[in-house]
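J.: Before I ask anything, here is the structure I am working with.
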Amino acid sequence: MTTPPPGVPFGANPELRGERQGPFVDLQTHTTASDGALPPTTVVEAAKAAELAAIAITDHDTVDGLDEANIAGARLGVRIVPGVELSSNFEGEEMHMLGLHMRDLDVMATALSSFRVGRVDRSEQIVAILNRAGIPVTMEAVLRHADGGAVGRPHIARAMVDGGWVHEFREAFDKWIGAGKPAYVPKEQFAASDAIALVHRAGGITVWAHPGELATPARVGRLAALGLDAVEVLHPSHPPYVQNKILNAVNELGLLPSGGSDWHGTTDGYRRLGGQQVPMEWLVRQDALVASRFAVSTGH
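In structure tokens:
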């Protein structure tokens, strides 16, 4: 178990202390529209089975899964929060920026169209490096795993497992395609300021996803000055003392908390749909911010 630094007790913030009461929401999930293992309908069905009131579909650099998710959500009585996870960079550090509650998906889809091409180019470069290293994985196999969605390294990893070149999914990253490994190729990223501006143009709010120890009050403050709206407090990678530190910074800066499982449709003992017990009240607060901005923009 991770031990907090001296003077930072577990669960010190009242919002995080004790057993939270439902209903719960999950504001970060992934589908086959990007690197998830399950199609949007199945993800929504799983959310219904988990008794979640709402989920955000936040596929990487694409909004293609949202139409299908909305249909399933309407049928099953699960609210779908339209989202996306943008590959971003701030002060030399890679970061992921969630866009939630977007009202104009066409704005986001248009901006991301070049990223889809860039993802294919990057995957082709990785495959070429692997081929030169004696691993004959093919783009055809990778694209089969992508199944029309935004292609990425998880699809390459699954193709490598299928071919027997690695024993398991994680091994592909640890030995070959993870950051700093022989076949790693950096991906195209938004500047954080551009990601924030894009989400706002699409009518949504911005959430710094799974920031971990990077979310110092000073850094969160600098992002807030660029227009950041919220920070992901609850995430499987955040031990309690990190949750507490982030939530304190969020409250001090007048930002909003968020949280999600980062579920990709697999059972790995790490990410579990609904496992973060994100309180509905956090979603209500996000709704209020979105509504107030919409009222200002329309003059109502």
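Here the sequence shown stands for residues 774 to 1073, where the numbers follow this note's numbering.
For glycine and all other residues, C-beta sits at the position ideal for the given N, C-alpha and C.
All values derive from a computational prediction rather than experimental measurement.
Please look up how many angstroms separate the CB atoms of residue 997 and residue 862, rounded, as I've assumed it's under 8 Å.
T.: Between residue 862 and residue 997 the Cβ distance is about 17 Å, and since that is not below 8 Å, they are no contact.
J.: State the Cα-Cα distance for the pair residue 984 and residue 1004, rounded to the nearest angstrom.
T.: Using only the alpha carbons, I get a separation of about 8 Å.
J.: Assuming residue 891 contacts residue 881 (C-beta within less than 8 Å), just tell me the rounded distance between them.
T.: With a Cβ gap of about 16 Å, residue 891 and residue 881 do not count as contacting.
J.: Using the C-alpha atoms, what's the distance from residue 896 back to residue 847?
T.: Taking the straight line from one Cα to the other gives about 35 Å.
J.: Considering Cα atoms alone, identify which of 1018, 973 and 1017 is closest to residue 856.
T.: Comparing Cα-Cα distances from residue 856 to each of 1018, 973 and 1017, the minimum goes to 973.
J.: In the region 1031 to 1070, which residue ranges form an unbroken alpha helix (DSSP H) of at least 4 residues, counting only runs that do not cross its ends?
T.: The region 1031 to 1070 contains no whole alpha helix (DSSP H) run of 4 or more residues.
J.: Within 10 angstroms of the Cβ of residue 1018, are there 16 or more other Cβ atoms? Answer buried if so, exposed if not.
T.: Label assigned to residue 1018: buried.
J.: Taking C-alpha atoms, which residue in 924, 976, 813 and 838 lies nearest to residue 1066?
T.: The candidate whose alpha carbon is nearest that of residue 1066 is 976.
J.: Is the separation between the beta-carbon of residue 918 and that of residue 928 shorter than 8 Å?
T.: In this structure, residue 928 lies closer than 8 Å to residue 918 by Cβ.
J.: Please go through the same chain and pick out, in chain order, the residues whose beta-carbon is closer than 8 Å to the beta-carbon of residue 1025, but skip the five residues on each side of it.
T.: So the qualifying residues of the chain are 990.
J.: Just the Cα atoms here: how many angstroms apart are residue 870 and residue 1055?
T.: The straight-line gap from Cα to Cα measures roughly 18 Å.
J.: Thinking C-alpha only, which one of 1010, 1020, 1013 and 1009 is nearest residue 994?
T.: Comparing Cα-Cα distances from residue 994 to each of 1010, 1020, 1013 and 1009, the minimum goes to 1020.
J.: Just verifying my parser: in three-state terms, what is the DSSP assignment at residue 1016?
T.: The answer is helix: DSSP assigns residue 1016 an H, G or I state.
J.: Assuming residue 1037 contacts residue 1045 (C-beta within less than 8 Å), just tell me the rounded distance between them.
T.: Contact flag wrong, Cβ pair sits at about 11 Å.
J.: Going by DSSP in three states, residue 990 sits in which element: helix, strand or coil?
T.: Reduced to three states, the DSSP call for residue 990 is helix.
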